[in-house]
Amino acid sequence: MRKIWQHIAELDPSRENVLLTSLNEENLGKKVLFIDGEVCAGAAEFRSEFLPFGKGKRGLVSLGERQFFLDPMGGEKKLIVLGAGHVALSVIRLGKMLGFQVLCIEDRPSFAKAAEKAGADQVQCEDFATALSTLKGDKDSYFVIVTRGHTHDLICLREILKKTHAYIGMMGSRRRVAFIKKQLLEEGVSEESLEELHSPIGLAIGAETPVEIGLSILSEIVMEKNKYFHQESFTKEMLDVMLSGEDYVLATIVNRRGSAPRETGTKMLIGSLGQLIGTIGGGCAEAEVIQKSRELFLENAKPACLYHVDLNDSIAEEEGMVCGGQLDVLLERV
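Residue numbering for the sequence shown follows our numbering, beginning at 1 and increasing consecutively.
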C-alpha cells in the first residue's frame, strides 16, 4: 500500500489524478490510481475493471453489483502572498488557520522576517520578478497581491498571469487598478486574462482593519475554492505520516446522507496511540469512528472495514445533535 501513497505524494496537481477504491467486502480497500485517464499504479487485478472510471466527481460509482469510491486527487492548496505589510500578515495567519500551505514573497528583509513570525511556511526575500519567475503555478495556487505600490503590483500581476492559477486577487484603489490594467493591455495582455483578476479584492463585508480585510480576502478565496470539486484529498502532513512507517488508520467518509457535518471525501488519520491528524467533523460521530479504528490495530485484524455512523440514534439525540444524518466511513490500516 505504501507504494501507492508514494505515487500520490509525487502527483503533478496540474494533471487529472483520480484514486479509485474498492468497497466490496472481498477486496475492501484495494486501489487503482489514474493520471489523465490512464492507469498509473494500484491493484493489478482490478485495473481492467476500473478502466471506465478515469474521471468524475468525488463519490460512489458502481460497476454491476460492485461499488467503488472515486476520489479526485486535488493537490494541497497553496496561498502565495505578495508583500508582507499589515494586511498581508493577516492573510498569512488566516490562511494557515484554514489549512493553506503559505508562501510569502517580500523584498524587504525586516518585513520578510515579520512574515516568518506570522507563520508563513516559506518566505522568499528577493525582488518580486525574480521570485515569481522561478515559481510554478497550478490549479491549486491562490495568489494575493498586497504590495506597497503600483509598480510592484504591476510586476507581480504581469508574471502571475503567465501561470496556471486558481485565483488572483489584488488590493488597490480603482484608479490604481485601472492604471495597471491599462498598462498590461498596452503590453499585449488580453482583456480575457485580466477579467480573471479579483479587484477590489475580497468580499464586500465593510472591512476596515487589516484583520477584517484579511478575513474578506480569505472569505472570497474559500468561496472560489468551494465552487469546484477539485478538493484537496491528502495534506502533506498526512502523506508524510503515511510514508513514515508509523502505525495509523486512515478514515475516509465515502458516503453521507442528511445533515452530516463533513463532506464526502473528508479524511482523518488516527494513530495507534490516539494521535489525530485532520477531522471528519468532531463530536459523537468522530468519537465512534476513533473507537472503531482501534479494532484495526489488534493482532490478526482485517486491514480495512466499512463503518456506518447514524447521527439520528439515541446517543446523538442525547448529545443534542438534532440535525441528524448518516455517514459511511472507510477505515484502512496504513
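C-beta atoms are modelled at their ideal positions from N, C-alpha and C, and glycine is treated no differently.
query: Close Cβ partners of GLU286 (< 7 angstroms) along its chain, the five nearest in sequence each way excluded; result: THR279, ILE280
query: DSSP state of GLN101 mapped onto helix, strand, coil; result: strand
query: Residue of ILE35, LEU154, ILE4 minimising C-alpha distance to GLY169; result: LEU154
query: C-alpha distance - LYS182 paired with GLY274, whole-angstrom precision; result: 57 angstroms
query: Backbone CA spacing between PRO13 and TRP5 [nearest angstrom]; result: 15 angstroms
query: Distance CB(GLY325)-CB(ARG58) smaller than 8 angstroms; result: no
query: Straight-line gap, GLY95 to MET238 (C-alpha atoms, nearest Å); result: 18 angstroms
query: Cutoff 8 angstroms; reference GLU187; Cβ partners in own chain excluding five residues on either side; result: ARG158
query: Residue burial classification, PHE229 (beta-carbon count within 10 angstroms, cutoff 16); result: Confidence in PHE229 is poor, its pLDDT being 49 and thus under 50, which makes the residue's placement unreliable; the coordinate value appears in the next sentence. With fewer than 16 Cβ atoms within 10 Å of its Cβ, PHE229 is classed as exposed.
query: Cβ contact (3+ pairs, closer than 8 angstroms) linking the segment 80 to 90 and the segment 213 to 222; result: yes
query: Within 8 angstroms, strictly: CB atoms of VAL254 and PHE69; result: yes
query: Identity of the residue in VAL18, LEU103, ASP121, ARG175 nearest PHE128 by Cα; result: LEU103
query: Distance CB(LEU161)-CB(VAL144) smaller than 8 angstroms; result: no
query: Extent of the continuous beta strand (DSSP E) run through THR252; result: 248 to 257
query: Cβ neighbours of LEU11 in the same chain (closer than 8 angstroms, five flanking residues each side left out); result: ASN17, ILE35, MET73, GLY75
query: Proximal residues to VAL322 (C-beta, below 7 angstroms), its chain only, five neighbours per side dropped; result: Low per-residue confidence applies at VAL322: pLDDT is 46, beneath 50, and the placement is therefore not dependable, though the value from the model is reported in the following sentence. Once the five neighbours on either side are set aside, VAL322 has no close Cβ partner at all.
query: Cross-strand partners of ASP71 (DSSP beta bridge); result: LEU19
query: HIS198 classed as buried or exposed, judged by whether at least 16 other C-beta atoms fall within 10 angstroms; result: buried
query: Own chain, CB closer than 6 angstroms to PHE111, minus 5 neighbours either side, in chain order; result: ALA84
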